[in-house]
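Colleague: I am attaching a structure below and will ask some questions about it afterwards.
Okay, structure coming up:
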């Protein structure tokens with residue numbers, strides 16, 4: 001059965017065409033389900049609507065999805081709303097993966113060096129009893145409390161070995177490269 005995927009990306013990567021290659025790769029497959037997902041991402045630029053509206057739009061976009069795919073360009077790691085999309089997806093329980101897209105030729109026909117992994121810049125700390133998750137982001141050379149979403153109660157207790165400890169999100173979630181990891185053929189297995 002096909003997954004509903006939320007795509008998180010920096011809008012510049014849409015302009016440069018790289019994000020579109022991944023988001024639309026299913027068009028070249030015999031049937032939409034062969035690609036392994038239905039696109040449920042937010043496309044429009046909602047910045048003009050203000051923070052509460054942007055959060056509501058993102059929350060609604062993530063609501064009926066089972067996986068969140070972060071398309072990693074040069075500055076994706078540093079984008080406020082990409083970070084929010086990652087944290088909300090984590091809270092919802094979505095499968096999280098990241099895909100480097102700078103190896104895809106852009107509009108200019110060139111590739112770029114891979115950008116930083118956004119999962120390296122977000123962290124969590126499970127409470128000592130395993131019931132609560134505190135959220136952090138890396139800013140200006142230090143870990144600080146995440147500002148756009150408060151810590152929250154967990155549905156299931158964290159495993160004993162994770163309680164009371166800080167973890168980068170990158171410790172638990174994978175990152176791939178669209179070209180080097182053969183994303184065109186392997187995307188559906190990554191999101192399942």
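Numbering (full-length UniProt numbering), first residue to last: 1 to 192.
Here a beta-carbon is modelled for each residue, glycine too, at the ideal position from N, C-alpha and C.
With DSSP as the reference, identify every bridge partner of residue 134, one or two as the case may be.
Modeller: In the DSSP output, where bridge partners are listed per residue, residue 134 has 125.
Colleague: Applying the criterion that 16 or more other CB atoms from any shown protein chain within 10 Å of the CB defines a buried residue, is residue 16 buried or exposed?
Modeller: So residue 16 counts as buried.
Colleague: Closer than 6 Å by C-beta to residue 21: which residues in its own chain qualify, once you throw out the five before and the five after it? Chain order, please.
Modeller: If we look at residue 21 and ignore the five residues flanking it on each side, its Cβ neighbours are 104.
Colleague: At what residues does the beta strand (DSSP E) containing residue 119 begin and finish?
Modeller: That residue, residue 119, is in no beta strand (DSSP E); it is neither H nor E in DSSP.
Colleague: To which residues of the same chain is residue 40 closer than 7 Å at the C-beta, ignoring the five residues directly before and after it?
Modeller: In this prediction, residue 40 has a pLDDT of 40, which is less than 50 and means its spatial position is unreliable; nothing more can be read from the coordinates.
Colleague: Just mark residue 159 as buried or exposed, buried being the case when its beta carbon has 16 or more other beta carbons within 10 Å.
Modeller: Classification of residue 159: exposed, given that the 10 Å Cβ count is below 16.
Colleague: Have a look at residue 8 and residue 129 and give me their C-alpha separation to the nearest angstrom.
Modeller: For residue 8 and residue 129, the distance between alpha carbons rounds to 32 Å.
Colleague: Could I get the ranges of all uninterrupted alpha helix (DSSP H) runs contained in the region 45-111, with 4 residues as the minimum, in chain order?
Modeller: For the region 45-111, whole alpha helix (DSSP H) runs of length 4 or above, ordered along the chain, are 51-63, 80-92.
Colleague: Between the beta-carbon of residue 168 and the beta-carbon of residue 106, is there less than 8 Å?
Modeller: Cβ atoms of residue 168 and residue 106: not closer than 8 Å.
Colleague: If you draw a straight line from the alpha carbon of residue 75 to that of residue 10, how long is it in whole angstroms?
Modeller: Their backbone Cα atoms lie some 7 Å apart in a straight line.
Colleague: Per DSSP, what kind of secondary structure is residue 178 in: helix, strand or coil?
Modeller: Coil, per DSSP.
Colleague: Could you tell me whether the Cβ atoms of residue 175 and residue 117 are closer together than 8 Å?
Modeller: Against a cut-off of 8 Å, the Cβ pair of residue 117 and residue 175 comes out as a contact.
Colleague: Taking the alpha carbon of residue 144 as the reference point, which residue from 121, 127, 84 has its own alpha carbon closest?
Modeller: Checked all of 121, 127, 84; the closest Cα to residue 144 is 121.
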